[in-house]
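The structure under discussion appears below in the form of structure tokens.
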Amino acid sequence: MEFLTLVSTDYESALRQARTEYGKGVRVHTRKDFHTNSVFRKKSCCEITFYLVGEKTPQEVAPPEVFDSNRYLSQLLDQNDVPKEYLQRILDGFHGEEHPGKAEVEIFLLQQLFSSLQWENRLPGKFMVLVGPAGVGKTTSLVKTAIHLRAQEGKKVALLSFDVHRIGALEQIRQFAASFSLPLYEAGEVAQLRALLPDLEAYDHVLVDTSGRSVKDEDLRQRLDDLLSELPHQQVFTLLAVSASLKFSDLVNQYRLFGEERARALVVTKLDETQSIGNVLAFAQHTQLPLLYVTDGQAIPEDFHSAEASDLMQRLNGLSLDVSQFFPVL
Numbered sequence: 076m077e078f079l080t081l082v083s084t085d086y087e088s089a090l091r092q093a094r095t096e097y098g099k100g101v102r103v104h105t106r107k108d109f110h111t112n113s114v115f116r117k118k119s120c121c122e123i124t125f126y127l128v129g130e131k132t133p134q135e136v137a138p139p140e141v142f143d144s145n146r147y148l149s150q151l152l153d154q155n156d157v158p159k160e161y162l163q164r165i166l167d168g169f170h171g172e173e174h175p176g177k178a179e180v181e182i183f184l185l186q187q188l189f190s191s192l193q194w195e196n197r198l199p200g201k202f203m204v205l206v207g208p209a210g211v212g213k214t215t216s217l218v219k220t221a222i223h224l225r226a227q228e229g230k231k232v233a234l235l236s237f238d239v240h241r242i243g244a245l246e247q248i249r250q251f252a253a254s255f256s257l258p259l260y261e262a263g264e265v266a267q268l269r270a271l272l273p274d275l276e277a278y279d280h281v282l283v284d285t286s287g288r289s290v291k292d293e294d295l296r297q298r299l300d301d302l303l304s305e306l307p308h309q310q311v312f313t314l315l316a317v318s319a320s321l322k323f324s325d326l327v328n329q330y331r332l333f334g335e336e337r338a339r340a341l342v343v344t345k346l347d348e349t350q351s352i353g354n355v356l357a358f359a360q361h362t363q364l365p366l367l368y369v370t371d372g373q374a375i376p377e378d379f380h381s382a383e384a385s386d387l388m389q390r391l392n393g394l395s396l397d398v399s400q401f402f403p404v405l
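Just so you know, the numbering used here puts 131 at position 56 of the sequence shown, and the rest follows in order with no gaps.
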């Protein structure tokens with residue numbers, strides 16, 4: 076540290092002179108007052124010893140961060156597992172306000188994901204045929220549907236199993252039927268089904284359990300087609316059961332496999348096994364099949380609900396909006 080010295084008539088004058096010459100960074104270290112003698116009089120003096128410090132410059136104020144709406148939208152799409160087939164289309168269609176905020180971006184996303192979805196709120200056919208791959212939860216969903224129709228809508232329902240050849244499948248539905256007092260009928264051949272049809276006339280709804288299959292199960296496919304052809308076509312309502320835990324491309328492949336069954340609505344299972352539902356919403360848009368029921372656990376009948384936009388919106392990730400505000404309280 077460098078020390079400088081300056082002498083003046085008094086302290087204030089010395090400090091003023093130092094600041095004039097060196098700026099406001101002057102810091103006084105010591106002060107010495109003394110007198111000098113001249114021929115005519117004694118003169119007062121003041122000597123200051125000082126050092127200099129760098130003047131503090133104002134801190135640079137960072138400009139306010141500009142909200143990047145496109146980046147925010149991309150993050151939401153990624154968090155909700157929206158498939159790439161739909162991701163770019165949504166990004167390309169984003170034309171918000173001049174400076175859209177989070178709310179505007181989120182509302183746009185909700186519109187893109189939900190505005191074109193279709194919903195089914197009832198089971199219009201007498202025979203509800205549930206199709207889908209093995210392991211998707213068809214039998215459990217079938218039993219949940221039966222209990223829902225009986226308890227919530229007062230319908231007289233029965234179960235009809237076509238899955239009588241797969242080991243363990245028949246035993247499972249028999250246990251469910253006994254536990255919940257549901258009438259169960261079994262038919263593995265066309266002749267058996269024909270014999271049962273008169274008895275089934277007594278029910279409002281007959282819920283048909285089918286076996287899961289793969290593209291290699293040609294014999295199973297033909298047997299199922301033969302059985303379905305015996306049911307009154309105008310009274311058949313076929314549902315496709317799909318697992319929410321599968322990726323979009325797998326869901327599309329399942330739709331292609333079971334497309335011959337002319338599915339008319341969707342049952343989405345295993346919502347409890349996934350953290351995001353963008354794949355399901357995109358799949359429903361892709362197939363244009365209405366959403367009818369969803370399941371989110373194994374408990375019967377608790378983990379079973381009619382498909383509703385208000386519930387599915389609550390399952391989206393990353394939203395700051397309270398989506399319940401979009402649905403009036405009845």
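Built from N, CA and C at the ideal position, the CB exists for glycine as well.
- Counting only residues of its own chain and dropping the five nearest sequence neighbours on each side, A233 has a CB closer than 6 Å to the CB of P258, Y278 and V281.
- L184 is positioned such that its CB atom lies no closer than 9 Å to that of L162.
- The count of Cβ pairs closer than 8 Å, one atom from the region 318-328 and one from the region 299-310, stays below three, leaving the stretches out of contact.
- Fully enclosed beta strand (DSSP E) runs of no fewer than 3 residues occupy 280-284 and 311-318 of the region 264-340, in order along the chain.
- Per the C-alpha coordinates, the member of Q92, A382 and T215 positioned closest to Q250 is T215.
- Taking the Cα positions, Q363 is about 7 Å away from Q193.
- Restricted to the region 77-158, the alpha helix (DSSP H) segments that are unbroken, complete and at least 4 residues in length are 86-97 and 144-154, listed in chain order.
- When C-alpha distances from L127 are compared across K118, R102, N155 and L151, the shortest belongs to R102.
- Taking R390 as the centre and dropping the five residues before and after it, the same chain places the C-beta of I352 closer than 6 Å to its C-beta, in chain order.
- Taking 9 Å as the cut-off, the Cβ atoms of K345 and V211 count as close.
- The Cβ neighbour count for G207, taken over all protein chains shown within 10 Å, is at least 16; the residue is labelled buried.
- The alpha-carbon of H308 is positioned some 11 Å away from that of R337.
- Distance from the CA atom of Q154 to the CA atom of A382, rounded to whole angstroms, is 22 Å.
- A distance of 9 Å or more separates the beta carbons of T95 and I123.
- Between the alpha carbons of F255 and Q150 lies a gap of roughly 45 Å.
- Y260 is bridged by DSSP to L235.
- Here L235 has Y260, V281 and V283 as same chain residues with Cβ atoms under 6 Å from its own Cβ, once five neighbours each way along the sequence are excluded.
- Burial check for A89: the Cβ neighbour count within 10 Å reaches 16 or more, so the residue is buried.
- Taking 3 residues as the minimum length, the beta strand (DSSP E) runs contained wholly in the region 181-227 are 202-206, in order along the chain.
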